[in-house]
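The structure under discussion appears below in the form of C-alpha cells.
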Amino acid sequence: MSGASPDAAEGGGALRRPSAFSARALGALAFGAAGVAILLGLMTWQIQRLAWKQALIATLEERLAAAPIALPAAPDQAAHEFRRVALTGRFTGAVGAHGFADAAYLTTLRPHGAGYRIVQPFETAEGRLILVDRGYAPVAAKNANGRAALPLPAPQGDIALTGALRWPQDADWFSDAGAGPADNVWLTRSLNSLAPLWGAEPVLVVAETATAAGPWPVPDPVNVNLPNDHLGYAVTWGGLAAVWAAMSAALVWREMRR
152 MSGASPDAAE
162 GGGALRRPSA
172 FSARALGALA
182 FGAAGVAILL
192 GLMTWQIQRL
202 AWKQALIATL
212 EERLAAAPIA
222 LPAAPDQAAH
232 EFRRVALTGR
242 FTGAVGAHGF
252 ADAAYLTTLR
262 PHGAGYRIVQ
272 PFETAEGRLI
282 LVDRGYAPVA
292 AKNANGRAAL
302 PLPAPQGDIA
312 LTGALRWPQD
322 ADWFSDAGAG
332 PADNVWLTRS
342 LNSLAPLWGA
352 EPVLVVAETA
362 TAAGPWPVPD
372 PVNVNLPNDH
382 LGYAVTWGGL
392 AAVWAAMSAA
402 LVWREMRR
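Taken in order, the sequence shown gives residues 152 to 409; the numbers are from my numbering.
Here it is as C-alpha cells:
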C-alpha cells in the first residue's frame, strides 16, 4: 500500500533508528556527565597531591643531605623537619616524673626484630634541655625485672653528636599518646607527653652518632620514607571515570532507542 511506512515495508525485524533525546535519555546523560566530572576531579586532585608530595620529599631529602647546623633557637616543624643539627652537651641521666631516666618507644628494626627506641633528656652546652632519640635496643635488653636493665648507659660528661630534628607522627587509632604505662614502654613518641616528664623543650633529635657505652642502643638515623600512593590513586580514579563514561554512553544509547 502506498500509505505504508518505510519501517513497516522493511519488515518487523528491522532495527529501530535512535530517536531524539527523550527526557530519560537526557537524565541518563546528565547523571553520567556528573559522575565523570566528579571522578575526573578526584583524579586531578590526586595528581596535584602527587606533585605536592614529590616536592615535599625533595625538600626533606635536601635537608638531610645538607651539613649540620646549630640547634635553632625556636625549632619549627615546617622549617626544620629533618634538618640535621650538631649538638654539644651531656645526657643528664635525670629521672623523669614517670619514675624512669628514659622512655622506651616500642618499635621494630630489621634485621633485629622487636625492640625499643631509647629517648633520654640531653642538656646542651647552652643550657637547653631537649630530647634525644639514641637509637634502637632489642627486647633482649630487658631482663626478668622488666625495665630494670634500662636505661642503657650513656657516655659520661660532655659529648658531641649529630642528628636530625623530628616531630614524630607515631600515634594511630590503637595507640595512646597520653600518660606513659607503668612499665615505661611507650607506643608513641609524642613530644607533648614526653617533654614534660623532664621539663624539656618539645624538641626531639634523632641521633646518627653512637651514644652507647655498650652494644646498645645503635643509631637508627632518619630517612625520608613518606608514603606516596597518589599516582596509584590518580590512575584508579581515571580508570573509574572511563568505565563510568562507557556505561553512561551505553545507557544513553539504550534510552534513545526506546
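All residues carry an ideal CB built from backbone N, CA and C; glycine is no exception.
All values reported here derive from a predicted model rather than from experimental measurement.
Proximity to residue i [Cα-Cα], best of the options
i	options	result
residue 240	285, 248, 308 and 304	308
residue 213	234, 201, 273 and 264	234
residue 184	217, 405, 320 and 397	397
residue 276	232, 250, 176 and 242	242
residue 206	281, 222, 390 and 377	377
residue 270	217, 303, 208 and 261	303
residue 216	223, 208 and 222	208
Cβ-Cβ distance between residue i and residue j below 7 angstroms
i	j	result
residue 238	residue 355	no
residue 315	residue 373	yes
residue 401	residue 191	no
residue 351	residue 272	yes
residue 285	residue 319	no
residue 244	residue 348	no
Straight-line Cα distance separating residue j from residue i
i	j	result
residue 337	residue 200	32 angstroms
residue 204	residue 382	10 angstroms
residue 265	residue 257	8 angstroms
residue 291	residue 361	19 angstroms
residue 252	residue 196	47 angstroms
residue 186	residue 179	11 angstroms
residue 408	residue 189	27 angstroms
residue 278	residue 229	25 angstroms
residue 176	residue 202	39 angstroms
residue 288	residue 344	21 angstroms
residue 254	residue 274	16 angstroms
residue 232	residue 371	17 angstroms
residue 174	residue 395	20 angstroms
residue 267	residue 220	28 angstroms
residue 295	residue 375	Low confidence applies here, because residue 295 scores a pLDDT of 40, under 50, leaving its location unreliable; read the following figure in that light. Going from the Cα of residue 295 to the Cα of residue 375 covers about 36 angstroms.
Those residues which DSSP pairs with residue i across a bridge
i	result
residue 220	236
residue 264	260
residue 270	254 and 284
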